[in-house]
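The sequence shown begins at 4 in my numbering and counts up one residue at a time. Ideal placement from N, C-alpha and C gives every residue a C-beta, glycine not left out. Predicted model only: the values in this text are computed from it and were never measured.
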Amino acid sequence: MTERVASLRPTAVNCVLAEVRQLQAEGRSLVSLMRGQPDTPTPPHIVEAVQRALREGHTGYPDNQGEPILRQAVAEKLQRDNGLTYDPAREILITNGATCGLCTALGALIQPGDDVLLPDPIYDAYASPVALWGGRPVFVPAMIRDGRFVMERAALEAVHTTNARVLLLNTPWNPTGTVLTVAELASTMEFAAARNLFVISDEIYENLVYDGRRHIPPAAVSDQARLRTLVVNSLSKTYAMTGWRVGYCAGPAELIQTMLLVLQQFSRGPATFVQHAAAHALRSSQECVQRMAAEYQGRRDLVLQRLSGIPGIVPLVPEGGLFVMVDIRGLGVPSDEARRFLLREAGVVVIHGAAYGPGGEGTLRVSFAAGGNVLEQGLDRLRHGLERLAENSSRKAGV
Ligand SMILES: Cc1ncc(COP(=O)(O)O)c(C=O)c1O
Numbered sequence: 004m005t006e007r008v009a010s011l012r013p014t015a016v017n018c019v020l021a022e023v024r025q026l027q028a029e030g031r032s033l034v035s036l037m038r039g040q041p042d043t044p045t046p047p048h049i050v051e052a053v054q055r056a057l058r059e060g061h062t063g064y065p066d067n068q069g070e071p072i073l074r075q076a077v078a079e080k081l082q083r084d085n086g087l088t089y090d091p092a093r094e095i096l097i098t099n100g101a102t103c104g105l106c107t108a109l110g111a112l113i114q115p116g117d118d119v120l121l122p123d124p125i126y127d128a129y130a131s132p133v134a135l136w137g138g139r140p141v142f143v144p145a146m147i148r149d150g151r152f153v154m155e156r157a158a159l160e161a162v163h164t165t166n167a168r169v170l171l172l173n174t175p176w177n178p179t180g181t182v183l184t185v186a187e188l189a190s191t192m193e194f195a196a197a198r199n200l201f202v203i204s205d206e207i208y209e210n211l212v213y214d215g216r217r218h219i220p221p222a223a224v225s226d227q228a229r230l231r232t233l234v235v236n237s238l239s240k241t242y243a244m245t246g247w248r249v250g251y252c253a254g255p256a257e258l259i260q261t262m263l264l265v266l267q268q269f270s271r272g273p274a275t276f277v278q279h280a281a282a283h284a285l286r287s288s289q290e291c292v293q294r295m296a297a298e299y300q301g302r303r304d305l306v307l308q309r310l311s312g313i314p315g316i317v318p319l320v321p322e323g324g325l326f327v328m329v330d331i332r333g334l335g336v337p338s339d340e341a342r343r344f345l346l347r348e349a350g351v352v353v354i355h356g357a358a359y360g361p362g363g364e365g366t367l368r369v370s371f372a373a374g375g376n377v378l379e380q381g382l383d384r385l386r387h388g389l390e391r392l393a394e395n396s397s398r399k400a401g402v
């Protein structure tokens, strides 16, 4: 194995899944509140669109930058929903999901020895692609303030290095649930400008925002911000299309053309018929998206309600996304130990916050992407398990 490959890590979900499969093979019943996998099917009008695209014969190689109809639909969507103007001919690239968009962007932007600033905790599948291209992830510690994870300007200044080239942002922010405010974005983009950093902005959860909030893309903060930002997004979460593998990037033409050069070395893009159906999803009524967001807000509230009132445990209210971060610092137990206890003793699967970086220590990530019986049963088990952990900890403390 090369040194570069040796620095790659499987995702937290894949690591925990290996443990889960082993226990299931031993006959254990487990309920998973782990994945960011919407449990609703892709809306029927999108399924019909892919069948139509197949019948119409959209089965040849796609345009490697993305089918023109989809690039056009993405440009319309960015204008309609985000107030951002991009030229579909030069400033938009279609990718195999946001995962591929992020990796391609990093390939185009960094060279060996470059540093990439990442909030900590953060979605754990960013650091390895940085390393794959020879870069170094540099973590910016976030703090819990008033029940909300924030990344302060001072923390950015403190970790900044002269080798830093890129700042990666994710709003709504996985795993923390924070939706960055205009003020936070303005300050962060000011920092990026002062340090001449390019910003990669992963906005995959943009439609899952709660309590009447609005998602604000970092590129929308100012004309200057738009020039130093790449928007990365996909249809995975918005339309329950995680298995379709279709996403897009929008940014300055020069970067998009460099990304196309990188992308074509390993992909021809998502299947042509998938791209045609994706264009239909973006262009037709967005009512299904609003319905889904309302459903998730209900599930979020259920999680918060079921996990309230346990000594030493505070569920943080997510402003967006599919996860509740549960603050377990009051238990005095490392998050991975708590996760293993819940898995083995309570039969419920969650992810330890430390899997998302040292800044996630003292928390557990609970997904509400699955609803219905899974969520009900999972929350019963989780509450019971957390209550046992709380009892153990007060016994140890001699309370
Ligand atoms: C923050 C974030 N970005 C990207 C992805 C992956 O997106 P895609 O399915 O479009 O590759 C995920 C999946 O959970 C995610 O949480």
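Cβ shell of residue i (< 7 Å), same chain only, five flanking positions each side left out
| i | result |
| --- | --- |
| V306 | P318, V327, V369, F371 and L382 |
| G365 | D330, I331, R332, S338 and G356 |
| K80 | L285 |
| N166 | G116, D117 and D118 |
| A228 | M192, P221 and A222 |
| Q114 | G137 |
| V182 | T174, P175, V212, R216, H218, E322 and G323 |
| Q267 | N67 |
| F344 | G388 and L392 |
| M37 | V16, V19, V352, V353, I354 and S370 |
| L112 | R168, V169 and F201 |
| R198 | H163 and A167 |
Local Cβ density within 10 Å of residue i, reported as buried at 16 or more and exposed below that
| i | result |
| --- | --- |
| M146 | exposed |
| S396 | buried |
| G401 | exposed |
| M4 | exposed |
| D123 | buried |
| R83 | exposed |
| R342 | buried |
| P13 | exposed |
| L11 | exposed |
| Y89 | buried |
| L264 | exposed |
| Y405 | This structure cannot speak to residue 405, because the chain is shown only from 4 to 402. |
| Q293 | exposed |
| E290 | exposed |
| A101 | buried |
| G312 | exposed |
| A130 | buried |
| D214 | exposed |
| V8 | exposed |
| R172 | At residue 172 the sequence reads Leu, which differs from the Arg that was named. Buried, since its Cβ has 16 or more Cβ neighbours within 10 Å. |
Spatial neighbours of residue i in its chain, beta-carbon cut-off 8 Å, leaving aside the 5 residues before and after
| i | result |
| --- | --- |
| V34 | G350, V351, V352, V377, Q380, G381 and R384 |
| P41 | K240, A243, T245, M295, L325 and A372 |
| T45 | Y242, A243, M244 and W247 |
| A256 | D90, R93 and E94 |
| Q27 | L33 |
| R386 | R309, L310 and I313 |
| L367 | M328, V329, I331, S338, A341, R342, L345, V353, I354, H355 and G356 |
Limits of the alpha helix (DSSP H) - the one that residue i falls within
| i | result |
| --- | --- |
| R7 | E6 to A9 |
| I49 | P47 to R58 |
| Y299 | E290 to R309 |
| N236 | From DSSP, N236 is part of no alpha helix (DSSP H) but of the beta strand (DSSP E) over T232 to S237. |
| M262 | A256 to L266 |
| M192 | V185 to A197 |
| N173 | Not the alpha helix (DSSP H): N173 falls in the beta strand (DSSP E), residues A167 to N173. |
| L87 | Taken as a continuous stretch (DSSP letters only), L87 belongs to no alpha helix (DSSP H), as it is neither H nor E. |
| A253 | Here A253 belongs to no alpha helix (DSSP H); instead the beta strand (DSSP E) covers G250 to A253. |
| T62 | First-last for T62: undefined, no H or E at that position. |
| L389 | G375 to K399 |
Cβ shell of residue i (< 6 Å), same chain only, five flanking positions each side left out
| i | result |
| --- | --- |
| T164 | D118 |
| L334 | G315, L392 and S396 |
| V77 | I95 and Y251 |
| V224 | L188, A189 and M192 |
| I259 | E94 and L96 |
| F142 | L121, D123 and G360 |
Bounding residues of the beta strand (DSSP E) (the contiguous stretch that carries residue i)
| i | result |
| --- | --- |
| D330 | F326 to D330 |
| I316 | Looking at the DSSP string, I316 is not in any beta strand (DSSP E), and its letter there is neither H nor E. |
| T98 | I95 to T98 |
| S370 | T366 to S370 |
| D123 | D118 to D123 |
| P140 | R139 to P144 |
| G150 | Looking at the DSSP string, G150 is not in any beta strand (DSSP E), and its letter there is neither H nor E. |
| F201 | F201 to D205 |
Neighbour flag for residue i against chain D, beta carbons, 8 Å
| i | result |
| --- | --- |
| C103 | Protein chain content of the structure displayed is limited to a single chain, and chain D is not contained in it. |
Using the beta carbon as the reference atom, which residues fall closer than 6 Å to any heavy atom of ligand 1, ordered along the chain?
G39, G100, A101, T102, Y126, N173, N177, D205, I207, S237, S239, T245 and G250
Can at least three beta-carbon pairs, one atom from the region 271-289 and one from the region 244-262, be found at a separation below 8 Å?
yes
Using a Cβ distance threshold of 8 Å, determine whether the region 347-358 contacts the region 18-27, with at least three qualifying pairs required.
yes
Give a yes or no on contact between the region 198-209 and the region 149-156, applying the rule of three or more CB pairs nearer than 8 Å.
no
Would you call the region 297-313 in contact with the region 90-109, where contact means no fewer than 3 C-beta pairs closer than 8 Å?
no
Evaluate the contact criterion for the region 178-192 versus the region 260-274: three or more CB pairs, one atom per stretch, below 8 Å.
no
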